[in-house]
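Position 133 of the sequence shown, counting from 1, maps to 133 under UniProt numbering, and the rest follow consecutively. Beta carbons: idealized from backbone N, C-alpha and C, even for Gly.
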Amino acid sequence: MTLSYSALELYEECPLLYRLIYIDKRKRMPRSYFSFGNTIHRTLRDFYTDVLFGPPSLDELLSYYRRNWIDQGYSDDEERRRYFRIGLYILGQFYQKEKAEKRKPVAVEYRFRIRLKNCQLSGYIDRIDRLNGGVEIIDYKTSPEPPAAEDLKTNRQLAIYQLGAERNLNLKADRLTIYHLRSLLKISIPAHDQAFLDEVVDRIEELAARIEREEFNPRLRESCPCEFGHLCPYFREEKPEIGTVVDEYGQISEKIREDQKRKVNLAHTIIQYLDDNRLEQAFGEKYSVFRRQIVERSLKRAVREVLDQEDLWQQAARWLEDQGYKVEVTPRQRSRLYSRRRDV
């Protein structure tokens, strides 16, 4: 089993939602803040990939932005334009700041995998910068407000990234940083000590064990219900039970069959009236009908019914003759008709 920080975070928020997303593979609705955040992350990945070979221009950075733009989850054009303008501002300010510092990262979007007792832990580190004697692990955030420095001391995401850099790359982490891109603030703490890292690993292995035991009970949160409320025991009563839906479907189907039988009887009565009075059209107060309308519709329906029977042609020919049609068919036509029966 492979787990990421986001998967573990989701499991702690709601085990049922974790199951729906990661096991049942249900797709979540796109969200504007997810699309925007991923767009910025991909843009900076491309920017720093090129920095390794020489500093790109601001125009090049903005071209990466347009190329990586994810146009999903925005409620309307106004929200889309607002986010796009925010991105232009962020990247313009970011470019000037990074250009002055002239940093060349050790790695960008570095993917790591760590083997634990009962699972694999994987993830992507946005950026790793070289420091004197060690490295700085940087995670970008595009949220409206920066996190508090105090919260970083118990931040498991940064601890997981520290584990990834130290175990996969054999790099000593000196500093852990959240880079808040809207304000260009870097909120940093010293790297976690081994005791805290061990606590994080123990917690991950505990959650992995729960997942292995298929403990997927729902958990109520302030944000409930999510888009899968109809699958949640707390909220699905707001949706019709499937038994009710099935019963209604059956009732409608039965009524259609009864109406069809009644329609056939009415058609026979009208045809008999037209035959007796040598007419081609009959009138009611609201409707009128031609003989050919009834005959053609009855013909199509009857042919469809008899095509599923073993005595295919005999029944079709008999019915056509009853309707006054002269039936003549060559042996070749009869053979083709029988061969097509399987396709109907």
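DSSP beta-bridge partners of glutamine 281: Walking along the sequence shown from the start, residue 281 turns up at place 281. DSSP, once it has assigned bridges, lists Phe290 as partnering glutamine 281.
N-terminal and C-terminal residue of the alpha helix (DSSP H) that aspartate 77 is part of: In the sequence shown, the residue the question calls residue 77 occupies position 77. Per DSSP, aspartate 77 belongs to the alpha helix (DSSP H) from 77–101.
The region 72–81 touching the region 89–101, judged by at least three CB pairs closer than 8 angstroms: No: the two stretches stay apart, fewer than three of their Cβ pairs being nearer than 8 angstroms.
Integer-rounded CB distance, given that leucine 171 should sit under 8 angstroms from alanine 165: In the sequence shown, counting from the first residue as 1, residue 165 sits at position 165. In the sequence shown, counting from the first residue as 1, residue 171 sits at position 171. By a beta-carbon distance limit of 8 angstroms, alanine 165 contacts leucine 171. Their separation comes to about 5 angstroms.
Those residues which DSSP pairs with serine 122 across a bridge: Within the sequence shown, residue 122 is the residue found at index 122, counting from 1. Partner(s): Ser4 and Arg113.
According to DSSP, residues forming a beta bridge with isoleucine 178: As a first step, residue 178 is located in the sequence shown; it is residue number 178 there, counting from the start. DSSP output for isoleucine 178 lists Asp139 and Ile187 as bridge partner(s).
Rounded distance between the beta-carbons of isoleucine 86 and threonine 39, thought under 8 angstroms: As a position in the sequence shown, residue 39 is number 39, starting the count at 1. As a position in the sequence shown, residue 86 is number 86, starting the count at 1. Cβ-Cβ separation between threonine 39 and isoleucine 86: approximately 11 angstroms, too far for a contact (criterion under 8 angstroms).
Buried versus exposed, by CB contacts within 10 Å (16 or more), lysine 141: Translated into positions along the sequence shown, residue 141 becomes position 141. Around the beta carbon of lysine 141, 16 or more other beta carbons lie within 10 angstroms, which makes this residue buried.
Nearest neighbour of glutamine 194, chosen from Gln120, Arg167, Glu13 and Gly73 [CA to CA]: Along the sequence shown, one-based indexing puts residue 194 at 194. Nearest C-alpha to glutamine 194: Arg167.
For leucine 131, the residue or residues it bridges with in DSSP: For the purposes of this step, residue 131 is taken as residue 131 along the sequence shown, with counting starting at 1. Partner(s): Gly134.
Three-state class that DSSP yields for valine 200 in the structure shown: Here residue 200 refers to the residue found at position 200 when the sequence shown is read from its first residue. The answer is helix: DSSP assigns valine 200 an H, G or I state.
Own chain residues within Cβ distance below 6 angstroms of glycine 229, not counting five before or after: Sequence index remark: in the sequence shown, residue 229 carries index 229 (1-based). A distance below 6 angstroms between beta-carbons, with the five flanking residues on each side excluded, links glycine 229 to the following residues of its chain, in chain order: Phe235.
Check whether isoleucine 138 and tyrosine 83 have beta carbons under 9 angstroms apart: Position 138 of the sequence shown, counted from the first residue, corresponds to residue 138. Position 83 of the sequence shown, counted from the first residue, corresponds to residue 83. No, the Cβ-Cβ distance between isoleucine 138 and tyrosine 83 is not below 9 angstroms.
Of the listed residues Val108, Leu62 and Arg26, nearest to isoleucine 90 (C-alpha basis): Within the sequence shown, the letter at position 90 stands for residue 90. For isoleucine 90, the nearest C-alpha among the options comes from Leu62.
C-alpha gap between glutamate 13 and aspartate 259, whole angstroms: Taking the sequence shown and counting its residues from 1, the one referred to as residue 13 is at position 13. Taking the sequence shown and counting its residues from 1, the one referred to as residue 259 is at position 259. When rounded, the separation of the alpha-carbon atoms in glutamate 13 and aspartate 259 is 52 angstroms.
Alanine 173 - DSSP class collapsed to helix/strand/coil: In the sequence shown, the residue the question calls residue 173 occupies position 173. Reduced to three states, the DSSP call for alanine 173 is strand.
Sub-9 angstroms separation of aspartate 126 and leucine 17 beta-carbons: Against the sequence shown, residue 126 aligns to sequence position 126. Against the sequence shown, residue 17 aligns to sequence position 17. The answer is no: Cβ separation not under 9 angstroms.
Exposure label - arginine 19; buried when at least 16 CB within 10 Å: Reading the sequence shown from its first residue, position 19 is the one you call residue 19. Classification for arginine 19: buried.
Validate contact between the region 185–193 and the region 144–153 using beta carbons, cut 8 angstroms, 3 pairs: Touching, per the Cβ criterion.
Whole-angstrom distance between glycine 250 and arginine 257, CA atom to CA atom: In the sequence shown, the residue the question calls residue 257 occupies position 257. In the sequence shown, the residue the question calls residue 250 occupies position 250. Distance from the CA of arginine 257 to the CA of glycine 250, rounded to the nearest whole angstrom, comes to 11 angstroms.
Straight-line gap, aspartate 198 to asparagine 132 (C-alpha atoms, nearest Å): Counting from one through the sequence shown, the residue named residue 198 turns up at place 198. Counting from one through the sequence shown, the residue named residue 132 turns up at place 132. Straight across, the Cα-Cα distance linking aspartate 198 with asparagine 132 is about 26 angstroms.
Enclosing alpha helix (DSSP H) for serine 63 [first to last residue]: Here residue 63 corresponds to residue number 63 of the sequence shown, with the count starting at 1. Per DSSP, the unbroken alpha helix (DSSP H) holding serine 63 starts and ends at 58–68.
Where residue 351 sits in the DSSP three-state scheme: Shown here, the chain extends from 1 to 344; a query on residue 351 therefore has no answer.
Inter-residue spacing [alpha-carbon to alpha-carbon] between glutamate 310 and lysine 261: Numbered from 1 along the sequence shown, position 310 holds the residue referred to as residue 310. Numbered from 1 along the sequence shown, position 261 holds the residue referred to as residue 261. Low per-residue confidence applies at glutamate 310: pLDDT is 48, beneath 50, and the placement is therefore not dependable, though the value from the model is reported in the following sentence. Going by the C-alpha atoms only, they are around 23 angstroms apart.
Reduced DSSP secondary structure (H/G/I, E/B, other) of valine 106: The count along the sequence shown starts at 1 and reaches residue 106 at position 106. DSSP places valine 106 in coil when its eight states are reduced to three.
Every unbroken alpha helix (DSSP H) inside the region 4–52 [4 residues or more]: As far as the region 4–52 is concerned, its whole alpha helix (DSSP H) runs of at least 4 residues are 5–13, 15–18 and 32–51.
Rounded separation between leucine 181 and glycine 243 - CA only: As a first step, residue 181 must be located in the sequence shown, where it is residue number 181. As a first step, residue 243 must be located in the sequence shown, where it is residue number 243. Going from the Cα of leucine 181 to the Cα of glycine 243 covers about 51 angstroms.
CB contact below 9 angstroms: alanine 173 versus chain B: Absence of chain B from the displayed structure is noted, only one protein chain being present.
Sequence-distant residues of the same chain with beta carbon closer than 6 angstroms to lysine 286, five excluded per side: For the purposes of this step, residue 286 is taken as the residue at position 286 of the sequence shown. Residues of the same chain with a CB within less than 6 angstroms of the CB of lysine 286, apart from the 5 flanking positions on each side, do not exist.
Three-way DSSP call (helix, strand, coil) for histidine 230 in this model: For the purposes of this step, residue 230 is taken as residue 230 along the sequence shown, with counting starting at 1. For histidine 230, the secondary structure class from DSSP, reduced to helix, strand or coil, is helix.
Distance CB(glycine 73)-CB(serine 6) smaller than 9 angstroms: By one-based count along the sequence shown, residue 73 stands at place 73. By one-based count along the sequence shown, residue 6 stands at place 6. With respect to the 9 angstroms criterion, glycine 73 and serine 6 are not classified as neighbours on the basis of their beta carbons.
Cβ-based burial, phenylalanine 112 [other Cβ within 10 Å; buried from 16]: Residue 112 sits at position 112 when you count from the first residue of the sequence shown. Residue burial annotation: phenylalanine 112 is buried, with at least 16 other C-beta atoms found within 10 angstroms of its C-beta.
Presumed contact (8 angstroms Cβ cut-off) between arginine 28 and glutamate 227, rounded CB distance: Along the sequence shown, read from residue 1 onward, the residue named residue 28 stands at position 28. Along the sequence shown, read from residue 1 onward, the residue named residue 227 stands at position 227. Right, their Cβ atoms sit about 7 angstroms apart.
Cα-Cα separation, valine 344 to arginine 318: As a first step, residue 344 must be located in the sequence shown, where it is residue number 344. As a first step, residue 318 must be located in the sequence shown, where it is residue number 318. The pLDDT assigned to valine 344 is 40, lower than 50, so where the model puts this residue is not dependable; a value taken from the coordinates is nonetheless given after this. Cα-Cα distance, rounded: 20 angstroms.
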